[in-house]
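Engineer: Handing you a structure now.
Protein chains: 2
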Amino acid sequence: MAPTDVRGGGPRTQRTAVTAESVLDAALTLFAERGYHGTAVSQIAAALGVRTPSLYNHMTSKQELLETIVRRTLDDVHAEFDAAVAGLDAPADQLRAAVRVYARRHATHRRQALIVNRDTTSLPEPALSRMRQRRRDHETATRAVISRGIEDGSFSVGNAGLASFAILEMSVSIARWFREDGPRTAEQVADEYAEFALRVVRYRP
Amino acid sequence: MAPTDVRGGGPRTQRTAVTAESVLDAALTLFAERGYHGTAVSQIAAALGVRTPSLYNHMTSKQELLETIVRRTLDDVHAEFDAAVAGLDAPADQLRAAVRVYARRHATHRRQALIVNRDTTSLPEPALSRMRQRRRDHETATRAVISRGIEDGSFSVGNAGLASFAILEMSVSIARWFREDGPRTAEQVADEYAEFALRVVRYRP
DNA sequence: CATACTAGCTAACGCTCATAAGTTTGCCGT
DNA sequence: ACGGCAAACTTATGAGCGTTAGCTAGTATG
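Structure below.
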């Protein structure tokens, strides 16, 4: 049946190599699709064309996969936020830039976004608290931009917290519907959402 | 130890009755907290102070619990939408009313909202397709209101679909952070979000 | 007072899960 | 040519899952 003998010990030769990164990538796809608890390790193995125990040559546990995915994603979010607002002074410019990168990320990294939003709570302590804190930090930073805009009069919104939640979460939801082959590019969607954000805070130049 | 003999056969007398509804309520709490796949039937039983198999006197399967929760919630969403827009003509009034009830629901029915958003995909076909369709119907109806507002000139937004997604999903996210004992009531939050919605579509009276 | 129903219980089943242990195989550097 | 390592394999383990079966004790009905 099989064109080459694919069973038995020894490294694979005819197949794309299984590596720590390829395991993570397969987990990324499956966790995003069926959730962490809804995904069996055996399904990750099957996606890579390998028996289940072979995975443990490239990972230490299922939980660690989830933690790595969440940690990396939150690290990236923070780095992008910092890079986006650096060098900008006006709150409107900062908010536009921050929402743009955040919204774009949720179009370009859908799987990561879905997992972080759906399955972070499946992490064991103390990782859970650490990750929650990192998420809060990002929200707080966004809120601070809005607060500064309210103070200097360029924004006009009752409560900075409510607005920052609304803005961030509407961006998050892009991951739910965006399609790479859809009618709009990630950049276009990001620009549009950055505009939405400025309207929510009632930006007036 | 136990003040009354609580073991052995026979119905409980000293405890609040276990009913189909109380099972659903316990499932609601646990599914919302840990997710459908993350919740064991034994945990639902424990929450009710009962052994696991006893639950099956009040339900037929774990999956049916999820399906009931999702179906009821989506039914309610539709009914509320219809009731909210009925009798209103202006797109702005309709959008405000529709967002108000949708946002309020996500504050007052947090558990249902979290489950629908997180675990609908765990439903087996054909229920999954049915529920997805019902969700799409609600989005389409909201989009139609926005489109009418664009046509009659009271709204000014590039794409009705993008706007309706953003508005609905920012409302959904209320379920993530709202606390009943927080600084704002559900009504206040709903009013604020209805305002956000009108800003997103650039409503000008 | 007998009967039937309700709603608990214990026990057990068949599965699947994540993970461990130990074995086999092919390639690479010497 | 060969020894060792990397990475696959098979097999196994113990725990937990959802669910069924069969039993028992109170409660309501006649």
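Chains as they are written, first to last, in full-length UniProt numbering: chain L, 1 to 205; chain W, 1 to 205. Heads up, the beta-carbon is just placed ideally off N, CA and C, and yes, glycines get one too.
Any idea if GLN14 (chain L) is buried or exposed, counting beta-carbon neighbours within 10 angstroms, 16 or more meaning buried?
Structural biologist: By one-based count along the first sequence, residue 14 (chain L) stands at place 14. In this prediction, GLN14 (chain L) has a pLDDT of 49, which is less than 50 and means its spatial position is unreliable; what the coordinates show is noted afterwards. By the 10 Å Cβ count, GLN14 (chain L) comes out exposed.
Engineer: Within the 8 Å Cβ cut-off, does GLY35 (chain W) reach chain L?
Structural biologist: Within the second sequence, numbered from 1, the residue matching residue 35 (chain W) stands at position 35. Yes, because at least one Cβ of chain L sits closer than 8 Å to the Cβ of GLY35 (chain W).
Engineer: By how many angstroms is the C-alpha of SER147 (chain W) removed from the C-alpha of PRO3 (chain L)?
Structural biologist: Residue numbering aside, residue 3 (chain L) sits at position 3 when the first sequence is read from its first letter. Residue numbering aside, residue 147 (chain W) sits at position 147 when the second sequence is read from its first letter. In this prediction, PRO3 (chain L) has a pLDDT of 31, which is less than 50 and means its spatial position is unreliable; nothing more can be read from the coordinates.
Engineer: For GLU192 (chain W), which option in L:PHE165, L:GLY182, L:ASP181 and L:ARG184 has the closest C-alpha, if you only look at C-alpha atoms?
Structural biologist: Here the question's residue 192 (chain W) lines up with position 192 in the second sequence. Comparing Cα-Cα distances from GLU192 (chain W) to each of L:PHE165, L:GLY182, L:ASP181 and L:ARG184, the minimum goes to L:PHE165.
Engineer: To be precise: take each residue of the segment 114-125 of chain L, compare its Cβ to all Cβ atoms of chain W, and keep it if any distance is under 9 Å. Which residues remain?
Structural biologist: Listed in sequence order: ASN117, ARG118, ASP119, THR121 and SER122.
Engineer: Anything in chain L within Cβ reach of LEU162 (chain W), meaning under 9 Å, just list it in chain order.
Structural biologist: In the second sequence, the residue the question calls residue 162 (chain W) occupies position 162. The answer, in chain order, is ARG184, VAL189, GLU192, TYR193 and PHE196.
Engineer: Should ILE174 (chain W) and HIS106 (chain W) be called a contact, given that it needs their Cβ atoms to be closer than 8 Å?
Structural biologist: On the second sequence, position 174 is the one that residue 174 (chain W) refers to. On the second sequence, position 106 is the one that residue 106 (chain W) refers to. Their beta carbons are under 8 Å apart, which means ILE174 (chain W) touches HIS106 (chain W) by this criterion.
Engineer: Is it buried or exposed, ASP82 (chain W), if we count other Cβ atoms within 10 angstroms and call 16 or more buried?
Structural biologist: Residue 82 (chain W) sits at position 82 when you count from the first residue of the second sequence. By the neighbour-count rule (16 or more Cβ atoms within 10 Å), ASP82 (chain W) is not buried but exposed.
Engineer: Could you compute how far the alpha carbon of TRP177 (chain W) sits from the alpha carbon of THR120 (chain L)?
Structural biologist: As a position in the second sequence, residue 177 (chain W) is number 177, starting the count at 1. As a position in the first sequence, residue 120 (chain L) is number 120, starting the count at 1. Their backbone Cα atoms lie some 15 Å apart in a straight line.
Engineer: Thinking C-alpha only, which one of L:GLN94, L:TYR203 and L:VAL77 is nearest SER156 (chain L)?
Structural biologist: Counting from one through the first sequence, the residue named residue 156 (chain L) turns up at place 156. It is L:TYR203.
Engineer: Hey, is the segment 48-66 of chain L in contact with the segment 80-100 of chain L, meaning 3+ C-beta pairs nearer than 8 Å?
Structural biologist: Contact fails: fewer than three Cβ-Cβ distances are below 8 Å.
Engineer: Would you tell me roughly how many angstroms separate the C-alpha atoms of VAL200 (chain L) and ALA197 (chain W), rounded to the nearest one?
Structural biologist: As a first step, residue 200 (chain L) is located in the first sequence; it is residue number 200 there, counting from the start. As a first step, residue 197 (chain W) is located in the second sequence; it is residue number 197 there, counting from the start. Roughly 8 Å separates the two Cα atoms.
Engineer: May I ask you to report which of helix, strand or coil DSSP gives ALA26 (chain L)?
Structural biologist: Indexing the first sequence from 1 puts residue 26 (chain L) at position 26. Three-state result, ALA26 (chain L): helix.
Engineer: Residue range of the alpha helix (DSSP H) that PHE178 (chain L) falls in?
Structural biologist: If you number the first sequence from 1, residue 178 (chain L) lands on position 178. Per DSSP, PHE178 (chain L) belongs to no alpha helix (DSSP H) and is neither H nor E.
Engineer: What are the residues in the segment 126-160 of chain W lying within 9 Å of chain L by C-beta distance?
Structural biologist: Within the segment 126-160 of chain W, the qualifying residues are VAL157, GLY158 and ASN159.
Engineer: With MET59 (chain L) as the anchor, note down where its alpha helix (DSSP H) starts and where it stops.
Structural biologist: Locating residue 59 (chain L) in the first sequence gives position 59, counting from the first residue. That residue, MET59 (chain L), is in no alpha helix (DSSP H); it is neither H nor E in DSSP.
Engineer: Between residue 234 (chain W) and chain L, is the shortest Cβ-Cβ distance under 8 Å, so that the two count as touching?
Structural biologist: No answer is possible for residue 234 (chain W): it lies beyond the span of chain W, which begins at 1 and ends at 205.
Engineer: Return the residue from the list W:THR142, W:SER171 and W:MET170 that minimises the CA-CA distance to ASN159 (chain W).
Structural biologist: Residue numbering aside, residue 159 (chain W) sits at position 159 when the second sequence is read from its first letter. Nearest C-alpha to ASN159 (chain W): W:THR142.
Engineer: Determine the burial state of GLY153 (chain L): buried for a count of at least 16 other Cβ atoms within 10 Å of its Cβ, exposed for fewer.
Structural biologist: Position 153 of the first sequence, counted from the start, is the residue given in the question as residue 153 (chain L). So GLY153 (chain L) counts as exposed.
Engineer: Check whether chain W comes within 8 Å of ARG96 (chain L), counting only Cβ atoms and requiring the distance to be less than that.
Structural biologist: Position 96 of the first sequence, counted from the first residue, corresponds to residue 96 (chain L). Not an interface residue.
Engineer: Any idea if ASN117 (chain W) is buried or exposed, counting beta-carbon neighbours within 10 angstroms, 16 or more meaning buried?
Structural biologist: In the second sequence, residue 117 (chain W) corresponds to position 117, counting from 1. By the neighbour-count rule (16 or more Cβ atoms within 10 Å), ASN117 (chain W) is buried.
Engineer: Rank L:VAL85, L:VAL99 and L:LEU28 by C-alpha distance to the C-alpha of ILE115 (chain L) and give the top, closest one.
Structural biologist: As a working mapping, residue 115 (chain L) is identified with position 115 in the first sequence. The shortest C-alpha separation from ILE115 (chain L) is found at L:LEU28.
Engineer: Going along the chain, which residues of its own chain have a beta-carbon closer than 7 Å to the beta-carbon of VAL6 (chain W), five neighbours each way excluded?
Structural biologist: What you label residue 6 (chain W) is simply residue 6 of the second sequence in a count that begins at 1. Confidence in VAL6 (chain W) is poor, its pLDDT being 40 and thus under 50, which makes the residue's placement unreliable; the coordinate value appears in the next sentence. So no residue of the chain qualifies.
Engineer: Closer than 7 Å, Cβ to any Cβ of chain L: which residues of the UniProt DNA-binding region "H-T-H motif" (40-59) of chain W, in chain order?
Structural biologist: Residues passing the 7 Å Cβ filter: none.
Engineer: Could you tell me whether any Cβ in chain L is nearer than 8 Å to the Cβ of VAL70 (chain W)?
Structural biologist: Position 70 of the second sequence holds residue 70 (chain W). Taking Cβ atoms only, chain L never reaches closer than 8 Å to VAL70 (chain W), which makes this a no.
Engineer: Once you ignore the five residues that flank THR39 (chain L) on each side, which residues in its own chain have a CB closer than 6 Å to its CB?
Structural biologist: Your numbering for residue 39 (chain L) matches position 39 in the first sequence. Contacts found: LEU30 and PHE31.
Engineer: Compute the Euclidean distance between the alpha carbons of ARG100 (chain L) and GLU169 (chain W), then round it to the nearest angstrom.
Structural biologist: The residue given as residue 100 (chain L) occupies position 100 in the first sequence. The residue given as residue 169 (chain W) occupies position 169 in the second sequence. Taking the straight line joining both Cα atoms gives about 17 Å.
Engineer: Using a Cβ-Cβ cutoff of less than 6 Å, which residues in the same chain neighbour ALA186 (chain W) once the five nearest sequence positions on both sides are dropped?
Structural biologist: As a first step, residue 186 (chain W) must be located in the second sequence, where it is residue number 186. Contacts found: ARG104, ALA107 and THR108.
Engineer: Run through chain L and tell me which residues come within less than 9 Å of PHE165 (chain W), C-beta to C-beta.
Structural biologist: What you label residue 165 (chain W) is simply residue 165 of the second sequence in a count that begins at 1. Here the neighbours are MET170, SER173, ILE174, ARG176 and TRP177.
Engineer: Determine the direct distance from the alpha carbon of ALA97 (chain L) to that of GLN112 (chain W), and round the result to whole angstroms.
Structural biologist: By one-based count along the second sequence, residue 112 (chain W) stands at place 112. By one-based count along the first sequence, residue 97 (chain L) stands at place 97. GLN112 (chain W) and ALA97 (chain L): Cα-Cα distance of roughly 34 Å.
Engineer: Which residues in chain L sit within 7 Å of GLY38 (chain W), going by Cβ to Cβ distance?
Structural biologist: The count along the second sequence starts at 1 and reaches residue 38 (chain W) at position 38. Under the 7 Å cutoff, chain L gives HIS37 and SER122.
Engineer: Give the DSSP-derived three-state secondary structure of VAL200 (chain W) in the structure shown.
Structural biologist: Position 200 of the second sequence, counting from 1, holds the residue named residue 200 (chain W). Of the three classes helix, strand and coil, the one that applies to VAL200 (chain W) here is helix, per DSSP.
Engineer: Where GLU139 (chain L) and GLU33 (chain L) are concerned, what is the direct C-alpha to C-alpha distance, given to the nearest angstrom?
Structural biologist: Indexing the first sequence from 1 puts residue 139 (chain L) at position 139. Indexing the first sequence from 1 puts residue 33 (chain L) at position 33. The alpha-carbon atoms of GLU139 (chain L) and GLU33 (chain L) are separated by roughly 26 Å.
Engineer: Do you know how far the Cα of VAL172 (chain W) is from the Cα of GLN188 (chain W)?
Structural biologist: One-based indexing of the second sequence puts residue 188 (chain W) at position 188. One-based indexing of the second sequence puts residue 172 (chain W) at position 172. Roughly 16 Å separates the two Cα atoms.
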